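Input: a single structure, listed below in structure tokens.
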Amino acid sequence: MNQLFRQRAFLTARVQKKVHEDRGLIRYLMRHHHTTPFEMCEIKFHVRVPMDCWRQWIRHRTANVNEYSTRYSVAIDSAQTTAEQEWRLQASGNRQGSAGFAGDTDGKTLTEKERYLQTLAREIYDERLKMGIAREQARKDLPLSTYTEAYWKVDLHNLLHFLYLRMDSHAQYEIRRYAEIMGHEIVAKWCPAVWEAFLDYRVNSSHLTRLEMEVLTAMTQGDKEKAVALGKQFNWLNDAGEPKKNRERLEFEDKLSNLGLKAPW
Ligand SMILES: Cc1cc2nc3c(=O)[nH]c(=O)nc-3n(C[C@H](O)[C@H](O)[C@H](O)COP(=O)(O)OP(=O)(O)OC[C@H]3O[C@@H](n4cnc5c(N)ncnc54)[C@H](O)[C@@H]3O)c2cc1C
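Residue 57 is where the sequence shown starts when you use the working numbering, and the numbers rise one by one after that.
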């Protein structure tokens with residue numbers, strides 16, 4: 057009995073040591089972009105996505121895709137709907153983004169019109185099918201909010217690349233929600249050590265460019281004059297040393313702010 061107990065304790069210790077070593081190796085691989093081991097893990101998702109979101113999703117070429125065919129089958133009778141309080145306004149600073157929400161009154165009208173449009177489009181589609189029009193042609197006026205379904209098979213390396221881009225705040229909200237659920241609820245359970253390393257070394261990390269390092273070095277040396285001169289040289293500042301409209305400068309200032317630092321200009 058004692059021997060059995062000792063054997064079990066020995067095996068548990070070995071497994072714990074192995075898990076500990078694996079975690080260390082995974083973290084090393086992630087830090088150093090040694091990515092091929094991550095390609096050895098594969099996952100297949102069955103997704104239901106509105107067409108406009110799918111259009112962005114399908115740009116990720118390193119997955120295998122098998123999509124529901126609306127030439128072969130009747131289009132899915134379901135479309136993504138927007139609640140009254142969910143209508144986002146066009147951002148002024150970022151041409152690709154949104155900022156703030158439409159008011160309640162506008163939201164109510166927008167949602168009502170959305171319902172009207174989706175119902176009308178579906179009725180016309182169904183009418184065409186009843187008249188014997190081919191599915192491949194009847195579908196052409198269905199809105200982009202119509203859901204499609206697909207099997208999406210991808211390896212872990214390329215999935216993380218997808219998640220890195222699509223969980224980012226610059227990605228459109230709709231696809232970001234999918235990415236967040238795939239990451240935080242699926243990958244986190246499937247490969248916890250990889251997910252932890254991915255969050256630590258990719259998502260919640262910062263990369264400094266040569267230009268940024270030069271300014272930061274001048275800052276840490278207390279050489280404000282040199283930091284400002286570099287800012288001018290990089291076209292971040294005007295001749296008077298004032299900030300110019302420049303995305304790279306703003307990105308640098310964001311990185312400084314994450315480090316609790318302020319730009320010297
Ligand atoms: C916020 C955001 C905004 C975007 N805006 C636009 C836009 O306005 N217009 C637009 O058209 N697209 C836009 N895209 C899509 C973007 O340009 C990419 O097509 C998409 O993110 C897929 O990325 P990827 O090519 O890295 O991924 P994958 O296709 O999965 O490829 C992964 C990696 O494999 C390599 N690879 C794959 N195929 C090739 C190839 N043929 N040649 C060389 N290397 C290859 C590359 O290194 C690539 O990074 C946007 C994406 C994001 C996240």
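We put the CB at the ideal spot given by N, CA and C, even for glycine. Keep in mind it's a predicted model, so treat the numbers as computed, not measured.
Does any heavy atom of ligand 1 sit closer than 7 angstroms to the C-beta of R151? no
To test your reading of the DSSP string, which unbroken beta strand (DSSP E) runs of 3 or more residues are found completely within the region 117 to 168? 120 to 123, 144 to 146, 154 to 157
Could you work out which residue in F218, W292, E270, A296 is closest to R258 when comparing CA atoms only? F218
Give a yes or no on whether the C-beta atoms belonging to L145 and G156 are separated by under 8 angstroms. yes
Kindly examine ligand 1 and report whether one of its heavy atoms sits closer than 7 angstroms to the Cβ of R115. Answer for R115: yes, Cβ within range of ligand 1.
Separation of R104 from T137, as counted between CA atoms: Approximately 14 angstroms, taken between the alpha carbons.
How far does the beta strand (DSSP E) with K209 in it reach, from first residue to last? 203 to 211
Taking 8 angstroms as the threshold (C-beta atoms), are V250 and T118 in contact? no
From what residue to what residue does the alpha helix (DSSP H) around R232 run? For R232, the enclosing alpha helix (DSSP H) stretches over residues 229 to 237.
Whole angstroms is fine: what's the gap from V130's alpha carbon to D197's? 14 angstroms
Against chain C, with Cβ distances strictly below 8 angstroms, would V105 count as a contact? This model lacks chain C altogether; it includes just one protein chain.
What do you reckon, are the CB atoms on E236 and M223 nearer than 8 angstroms? M223 is positioned such that its CB atom lies closer than 8 angstroms to that of E236.
Would you tell me roughly how many angstroms separate the C-alpha atoms of L215 and R195, rounded to the nearest one? Roughly 31 angstroms separates the two Cα atoms.
Around the Cβ of V75, are there at least 16 other Cβ atoms within 10 angstroms (buried) or fewer (exposed)? Counting C-beta atoms within 10 angstroms of its own C-beta, V75 has fewer than 16 neighbours from the protein chains shown and is therefore classed as exposed.
Just to check, is the beta-carbon of T92 closer than 7 angstroms to a non-hydrogen atom of ligand 1? no
How far does the beta strand (DSSP E) with V105 in it reach, from first residue to last? 98 to 106
Delimiting residues of the alpha helix (DSSP H) encompassing T273: 266 to 276
In DSSP terms, what P299 is bridged to: L293
Spatially closest choice to F94 from K100, I82, F101, by CA coordinates: Of the residues K100, I82, F101, the one whose Cα lies closest to the Cα of F94 is I82.
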